[in-house]
Structure formats: structure tokens, C-alpha cells
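If you count the sequence shown from 1, you need to add 6 to reach the working numbering.
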Amino acid sequence: MHFPHLHLRCMPQRYVVAIELFLILMGCYMLRFSLSYAIPKMTKVEEAEKDPKACPFRDNATRQEEERENEFHWTAAQQGFIHAGCLFYGYIATQLVGGILADLFNHKVVLMSGFITSVLCVLLTPAVTILFDFIGLILIRVILGLAQGITYCSMFTATMYWAPINERALIGSLIFTGVHIGNIINGLLTGYLLVNFEWQLVFYFYGIVSAFIAILFIFTTYTYPDQFPGLSEKEKAIFEEHKKNIEKKAGRKKIPFKAILSNIHVWAIVIAAFGDDWAMYTQVVYLPSYLKRVQHIPIDKVGYYMGAAFLLLWIYAMVTSPIADCLISKKILSISMARKIYYLIAAAGPSFAFLLIALGGCSEITSVIGLLVGYPVLGMFYPSVQVNALDLSPNFAGTIGSIGNCGGCVAGLIVPQLIGFITPNNFLSEWRIAFLITSGMIMATGVLYFLMASGEVQEFDKYGQDEEK
Numbered sequence: 007m008h009f010p011h012l013h014l015r016c017m018p019q020r021y022v023v024a025i026e027l028f029l030i031l032m033g034c035y036m037l038r039f040s041l042s043y044a045i046p047k048m049t050k051v052e053e054a055e056k057d058p059k060a061c062p063f064r065d066n067a068t069r070q071e072e073e074r075e076n077e078f079h080w081t082a083a084q085q086g087f088i089h090a091g092c093l094f095y096g097y098i099a100t101q102l103v104g105g106i107l108a109d110l111f112n113h114k115v116v117l118m119s120g121f122i123t124s125v126l127c128v129l130l131t132p133a134v135t136i137l138f139d140f141i142g143l144i145l146i147r148v149i150l151g152l153a154q155g156i157t158y159c160s161m162f163t164a165t166m167y168w169a170p171i172n173e174r175a176l177i178g179s180l181i182f183t184g185v186h187i188g189n190i191i192n193g194l195l196t197g198y199l200l201v202n203f204e205w206q207l208v209f210y211f212y213g214i215v216s217a218f219i220a221i222l223f224i225f226t227t228y229t230y231p232d233q234f235p236g237l238s239e240k241e242k243a244i245f246e247e248h249k250k251n252i253e254k255k256a257g258r259k260k261i262p263f264k265a266i267l268s269n270i271h272v273w274a275i276v277i278a279a280f281g282d283d284w285a286m287y288t289q290v291v292y293l294p295s296y297l298k299r300v301q302h303i304p305i306d307k308v309g310y311y312m313g314a315a316f317l318l319l320w321i322y323a324m325v326t327s328p329i330a331d332c333l334i335s336k337k338i339l340s341i342s343m344a345r346k347i348y349y350l351i352a353a354a355g356p357s358f359a360f361l362l363i364a365l366g367g368c369s370e371i372t373s374v375i376g377l378l379v380g381y382p383v384l385g386m387f388y389p390s391v392q393v394n395a396l397d398l399s400p401n402f403a404g405t406i407g408s409i410g411n412c413g414g415c416v417a418g419l420i421v422p423q424l425i426g427f428i429t430p431n432n433f434l435s436e437w438r439i440a441f442l443i444t445s446g447m448i449m450a451t452g453v454l455y456f457l458m459a460s461g462e463v464q465e466f467d468k469y470g471q472d473e474e475k
């Protein structure tokens, strides 16, 4: 069956598909983290003591907004669980499932099943929360996590087919930085929506936008490059060469789990993903609440700061990605050394940012400097760790990507529980401890990845080929 494919004569088809995959991840993160901005309008921190060293309110309007009655009454621990904890119980459950299904079967079908389920979950969030309160929201977030685990991990397989090896850092970064464009839109738009409308509109808006992205992808893309009817002769030659490095996996039933799980370079990816996601979840899930509730910065202004930080992160990723490809192609750096150096720098940036925020106290300027100068350096994660699974094994990239992403899932489970435990009262001193721990944790993963990582194809990549011959 031939779809009315999207073919832009001014752009190679691999970049058209990369942009569409980018839009899916953008939609995923709009759906996932819009709650982080909405929850301060939905509820306050119940059962909290008054901070004797609290930051002063910046104006009467901010004071009145924070003291108004909220629709729901949830404690800090409950809010931490809602924010990310319950989502990641679902998310971690489908990490391997998503990658394995994408490696063995049609990755486009796997990808879309997860994304469409995500859209439905977010559209139903307001009704379920109003009807069933805390329990209802937990259940819908768990299902959302299940769906997004499948979506994200199947992205590794899709990227493997559409990203030739000499463009892997650039195309991989283009696709996976969609998460931060989703965060940018969340930051810039959600604050405006919350100031001017009820919180329910946030979920309806992002659900409808993501539904349009799903429709676009379903009817304008193909699973494999050789199925596409409009490839130029030049691009056909590129993909013919690329096919020598991979094989179609439809129908293959064997994955070398033992070899993969015992490989130190795979565990380097797990550790780095743990550090990256610890930074991101602290930033996306908790920093908006900290800036609003502790530093008393208006929510729309918080959104602008967050959006600017993620925009700079995206720019950082897109600027440094072709530099990585160039350094590798000119043999200035090996693939291994490029990946190692890039993530070490990527970890140092947000580590510095959270250290600055922790020591800055009530200073809005210090927090903004950390956000806009230190945090965006994390963009170098994308041309390093995010494409490292494709380096180690083109034939099992989905499975390795899924295993690596489990490190991020573990961070997603730990961060809400730890920060909820450390900050039960939203005291400034409590948040200082939380941010100092975050700073040290991120830097530690950067050092460990540098010591353990590799960019060489591993022996297990050939698993099963001799039997097929």
C-alpha cells in the first residue's frame, strides 16, 4: 500500500523522516511534562510547615495567586509521585518491550501504538482527575508511562534505518532533541495558558496538537527507506551503502541478551542515561515548582526561563552534532573518544547549573544564570550517548537503546521519591540539599561514562548471522 508520502525536493528524504520523528518526540514531551507546569495551579503543598527563612514575595499579585484556594489537596510526597514517580513505573515496564518489538517487527507500528495511546491518556487526564482525584490521575499517568516507554525505545530502531553512519550524530541529534523542543513549547506556552485559562485546557491543547502529528506521520512515512517510491538516485546509493551495515530484522527471533547485558560499554550508556535523566527530571519536573513556590517567581515568567533554557540546549545539540561528525570523519577523534569527551562536557554544564542554583538562595539572577549558561551544555548528550547504541550494534540498536534508557527510568523513579523526601515543607534549605545532590550525581556519571564507554561495533552485533547463512 502506497501512502501519499511527504516528499520535499529541497531536502533529502532521510531528513524529512528525521523531522517527523523529531515531531513525535516533541509531542511525547509536551504530553508528558505539561503536568509539571499545571500542578502548581491545581494544588498547593498540603501539611507543610512555614519556612522561617522563606524568600520574600516579589509583589502582592504573586502572594494572592499562591494563597488562593486550589481545586485539589495533595501533599509534597503525593505531588512527587504524580509528577513522575507513577509515570515511570509504567515507563520502565515497557523499556525492553518497546525496543525488542521494534527490533523484531515493524517499528512504525510499534512506535505509533505507543504514541496514539499517549495522546488518548492526556486528553482523558482532566476528566479522570476530576472524577477520581489522586487515584485517577495516578492510573492515567501509569498508562501514559507504559505507552511512552514503547514510543521512545522504538525510536532507536527507526533512527538506525534512516541515519547513515557518517551522519549519525547529526540525524540522531535532530530526532532526539525533539524532547527539548517539546519542553520549550511547554515552557513558553503552558504558563500563558495557565495564566489566562483553566488548567484543563493545557491537556486538551497538547493532546489535539499531538493527534495531528500522529496523523501526519501515519500517512506520509514508510518503515524502511527502500519502500519509499520517491528517493533520488543519490539517496538510493547512500542507503544501499548503509544497508551493508545493517540487516532487516523482521522475523528474526534471537537477541543476544547475555552478551549485551555483560558488556561494560552497554552499562556505560545506562549510567550516562541515568545522569542525563536525573538532570532533566529535576529541571523539568521540580524546578518550575521551586521557582514559583520558593523564589515566588510568576509562573508565566518561570515558563519563559525554562523555554529559553531548552531552546539553548537544542541549539547547543544541533551546533555540536555536525562538529562531532566532522571530527570523526576527518579522524581527528575516534568515535569512542568523541562520545566520551562530549558527554563529560555535557555532564559538567548542568552540574555547574544546579550547584549555582543551590548556592544562590533567593537570587533570581543566579538561578537564571545557571539555567541559561550551565544547563544547555547538556545538549552534547545527543551527539554522544544518545547515538552510542547505534555505534555498538546497528543490528540491535533498539534493544541496547532500551536497556540504556532503563538507566533514565531508574532516575525517574528515584528523583521524585528523593526530592519529595528531602523537601516535605518546601524550605529553601531543603531544596539546597536536593540541588547539591543532583549536581554531584550528574558529574559522577560523566566521569564513569568517560572511563567505560566505547564507539566500536561489538562482537555480538553479528549474532545469528552465521545461522541465517
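Here a beta-carbon is modelled for each residue, glycine too, at the ideal position from N, C-alpha and C. Computed from a prediction, not measured in an experiment: that's the story for all the values here.
Based on Cα-Cα distance, which residue from 107, 301 and 94 lies nearest to residue 433? To locate residue 433, count along the sequence shown from 1; it is residue 427. The residue with the shortest Cα to Cα distance from residue 433 is 301.
Unbroken beta strand (DSSP E) run spanning residue 78, endpoints: Position 72 of the sequence shown, counted from the first residue, corresponds to residue 78. Element bounds for residue 78: 78-81.
Take the Cβ of residue 41 as the centre, count every other Cβ of all protein chains shown within 10 Å, and call the residue buried at 16 or more, exposed below. Position 35 of the sequence shown, counting from 1, holds the residue named residue 41. Classification of residue 41: buried, given that the 10 Å Cβ count is 16 or more.
Bridge partners of residue 49, per DSSP? For the purposes of this step, residue 49 is taken as residue 43 along the sequence shown, with counting starting at 1. According to DSSP, residue 49 bridges with 78.
Just mark residue 166 as buried or exposed, buried being the case when its beta carbon has 16 or more other beta carbons within 10 Å. Within the sequence shown, residue 166 is the residue found at index 160, counting from 1. The residue is buried, with at least 16 neighbouring Cβ atoms inside 10 Å.
Tell me which residues share the same chain as residue 182 and place their Cβ nearer than 6 angstroms to its Cβ, disregarding the 5 neighbours each side in the sequence. Translated into the one-based positions of the sequence shown, residue 182 becomes position 176. The answer, listed in chain order, is 388 and 392.
How far does the alpha helix (DSSP H) with residue 368 in it reach, from first residue to last? For this step, residue 368 is matched to residue 362 along the sequence shown. Careful: residue 368 lies outside any alpha helix (DSSP H) and carries neither H nor E.
Rounded distance between the beta-carbons of residue 99 and residue 152, thought under 8 angstroms: To locate residue 152, count along the sequence shown from 1; it is residue 146. To locate residue 99, count along the sequence shown from 1; it is residue 93. At roughly 6 angstroms, the Cβ-Cβ gap stays under 8 angstroms, so residue 152 and residue 99 are in contact.
By Cβ distance below 6 angstroms, which residues in the same chain neighbour residue 213 in space, the five residues on each side in sequence not counted? Within the sequence shown, numbered from 1, the residue matching residue 213 stands at position 207. The answer, listed in chain order, is 125, 128 and 129.
Under the assumption that residue 399 contacts residue 409 (Cβ atoms under 8 angstroms), give the Cβ distance between them as a whole number of angstroms. Along the sequence shown, one-based indexing puts residue 399 at 393. Along the sequence shown, one-based indexing puts residue 409 at 403. That pair is no contact at about 11 angstroms.
Just to confirm before moving on: does the CB-CB distance between residue 415 and residue 94 stay below 9 angstroms? For the purposes of this step, residue 415 is identified with residue 409 of the sequence shown, where counting begins at 1. For the purposes of this step, residue 94 is identified with residue 88 of the sequence shown, where counting begins at 1. It is a contact, given that the beta carbons lie within the stated cut-off.
Take every Cβ of the segment 227-244, pair it with every Cβ of the segment 33-47, and state whether three or more of those distances are shorter than 8 angstroms. Contact fails: fewer than three Cβ-Cβ distances are below 8 angstroms.
Whole angstroms are fine: how far does the CA of residue 170 sit from the CA of residue 318? Within the sequence shown, numbered from 1, the residue matching residue 318 stands at position 312. Within the sequence shown, numbered from 1, the residue matching residue 170 stands at position 164. Straight-line Cα distance between these residues: approximately 26 angstroms.
Is it buried or exposed, residue 236, if we count other Cβ atoms within 10 angstroms and call 16 or more buried? One-based indexing of the sequence shown puts residue 236 at position 230. Residue burial annotation: residue 236 is exposed, with fewer than 16 other C-beta atoms found within 10 angstroms of its C-beta.
Buried or exposed by the 16-neighbour rule on C-beta atoms within 10 Å, applied to residue 422: Position 416 of the sequence shown, counted from the start, is the residue given in the question as residue 422. Counting every other CB atom within 10 Å of its CB across the protein chains shown gives residue 422 a total of 16 or more, marking it as buried.
Please classify residue 85 as buried or exposed, where buried requires at least 16 other C-beta atoms within 10 Å of its C-beta. By one-based count along the sequence shown, residue 85 stands at place 79. With 16 or more Cβ atoms within 10 Å of its Cβ, residue 85 is classed as buried.
Tell me whether residue 435 is buried or exposed, calling it buried when 16 or more other Cβ atoms sit within 10 Å of its Cβ. Taking the sequence shown and counting its residues from 1, one reaches residue 435 at position 429. Exposed, by the Cβ-count rule.
Just to confirm the assignment, what range does the alpha helix (DSSP H) spanning residue 384 have? On the sequence shown, residue 384 is found 378 positions in, with the first residue counted as 1. That residue, residue 384, is in no alpha helix (DSSP H); it is neither H nor E in DSSP.
When DSSP labels each residue in this structure, what does residue 205 get in the three-state scheme? Start at 1 with the first residue of the sequence shown, and residue 205 comes out as number 199. Here residue 205 sits in coil by DSSP.
For residue 291, count the other beta carbons within 10 Å of its own beta carbon; 16 or more makes it buried, fewer makes it exposed. Which is it? Locating residue 291 in the sequence shown gives position 285, where the first residue counts as 1. The residue in question, residue 291, is buried, as its Cβ has 16 or more Cβ neighbours within 10 Å.
For the alpha helix (DSSP H) that contains residue 282, what are its first and last residues? As a working note, residue 282 is residue 276 in the sequence shown. Boundaries of the alpha helix (DSSP H) around residue 282: 270-287.
DSSP three-state label for residue 429, please. The count along the sequence shown starts at 1 and reaches residue 429 at position 423. Three-state DSSP puts residue 429 in coil, outside helix and strand.
Inter-residue Cα distance where the pair is residue 142 and residue 122: As a working note, residue 142 is residue 136 in the sequence shown. As a working note, residue 122 is residue 116 in the sequence shown. Between residue 142 and residue 122, the C-alpha separation is close to 20 angstroms.
Quick one: what's got a C-beta closer than 6 angstroms to residue 428's C-beta in the same chain, skipping five residues either side? Mapped onto the sequence shown, residue 428 falls at position 422. Excluding sequence neighbours, residue 428 sits near 436, 439 and 440.
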